[in-house]
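Below is one structure, written out as structure tokens; comments come after it.
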């Protein structure tokens with residue numbers, strides 16, 4: 003019986019080996035240092051920015067950072083992601099959009115289920131993270147009306163929900179689901195919190211492996227993280 007099954011087992015082992023090699027090479031191709039540079043775009047081409055508001059101090063830092071930039075000049079469509087029940091962040095996003103005015107393009111505020119609530123049991127956290135992942139995958143896909151395609155850039159400063167969103171974008175790229183011809187490439191930038199002085203946060207240490215750029219706000223963190231990828235560009239908030 004064992005001899006009769008030997009050819010079948012050999013075939014299955016060969017298929018498994020090729021599948022493993024393909025998956026490994028595919029994952030390596032998604033590494034930040036292996037991604038080709040962004041495709042040049044013509045001035046005035048519509049661009050989509052996805053901003054993750056992490057609630058509390060994370061939201062305050064993100065809004066402060068955006069106020070110091072000319073975000074409306076470069077991104078005609080903006081998606082603000084907030085966690086469920088975070089009316090504070092949603093209100094800040096709408097207030098920011100009112101400040102820059104209607105001529106700055108279009109925006110939407112989208113709510114996803116929270117990856118992990120404060121004091122939530124570690125036993126139930128995997129399930130809530132999975133639900134959050136499902137919401138993030140749906141959010142990243144083009145909207146039914148076609149107004150919002152895949153994001154060109156994802157900007158985040160943590161924490162948990164942002165980490166789930168970034169890994170959701172990696173999963174979509176792994177499956178070949180992203181824009182083309184220089185649009186919807188889902189480039190990612192993680193900005194470490196100003197409060198992180200001596201070492202990266204857990205989100206920062208995880209996302210160092212997959213995001214395109216990691217920005218820190220204290221010079222002593224320059225070169226921190228996986229592969230020494232953290233960049234210091236001064237205080238951003």
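Numbering (the numbering used here), first residue to last: 3 to 239. Ideal Cβ positions, reconstructed from N, Cα and C, are used throughout, including at glycine. For clarity, every value in this text was computed on a predicted model and none was experimentally measured.
Of the residues the options, the one placed nearest residue i, counting alpha carbons only
i	options	result
residue 116	133, 106 and 125	133
residue 87	71, 70 and 118	118
residue 65	14, 75, 96 and 217	96
residue 148	186, 14, 200 and 68	186
residue 165	100, 57, 69 and 209	209
residue 142	120, 123, 174 and 59	174
residue 180	230, 50, 70 and 219	50
residue 30	230, 45, 19 and 176	176
residue 120	58, 156 and 219	58
residue 131	110, 168 and 146	168
residue 45	98, 77, 160 and 19	77
residue 70	43, 35 and 98	98
residue 207	220, 8, 109 and 231	231
Beta-bridge partners of residue i, as assigned by DSSP
i	result
residue 233	217
residue 83	54 and 112
residue 156	52 and 190
Reduced DSSP secondary structure (H/G/I, E/B, other) of residue i
i	result
residue 44	coil
residue 211	coil
residue 116	coil
residue 3	A caution first: residue 3 carries a pLDDT of 48, below 50, which makes its placement in the model unreliable, though a value can still be read off. Reduced to three states, the DSSP call for residue 3 is coil.
residue 190	strand
residue 137	helix
residue 196	coil
residue 165	helix
residue 96	helix
residue 222	helix
residue 180	coil
residue 23	helix
residue 35	helix
residue 78	coil
residue 227	coil
residue 125	coil
residue 172	helix
residue 238	coil
residue 148	coil
residue 202	coil
residue 66	helix
residue 59	helix
residue 28	helix
residue 107	coil
C-beta contact flag for residue i and residue j at 8 Å
i	j	result
residue 79	residue 48	yes
residue 188	residue 205	no
residue 63	residue 199	no
residue 74	residue 33	no
residue 193	residue 217	yes
residue 114	residue 91	no
residue 112	residue 163	no
residue 94	residue 55	yes
Inter-residue CB distance, residue i and residue j (contact presumed, cutoff 8 Å)
i	j	result
residue 191	residue 154	The Cβ separation is near 11 Å, so there is no contact.
residue 222	residue 233	Wrong, their Cβ atoms sit about 13 Å apart, outside the cutoff.
residue 83	residue 53	7 Å
residue 1	residue 211	Absent from the model: residue 1. The displayed extent of the chain is 3 to 239, so no value can be given.
residue 60	residue 195	7 Å
residue 136	residue 144	With 8 Å as the limit, residue 136 and residue 144 do not qualify as a contact, their Cβ atoms being about 17 Å apart.
Residue-chain proximity (residue i, chain D), Cβ-Cβ < 8 Å
i	result
residue 51	Of the protein chains in the structure, only one exists, and it is not chain D.
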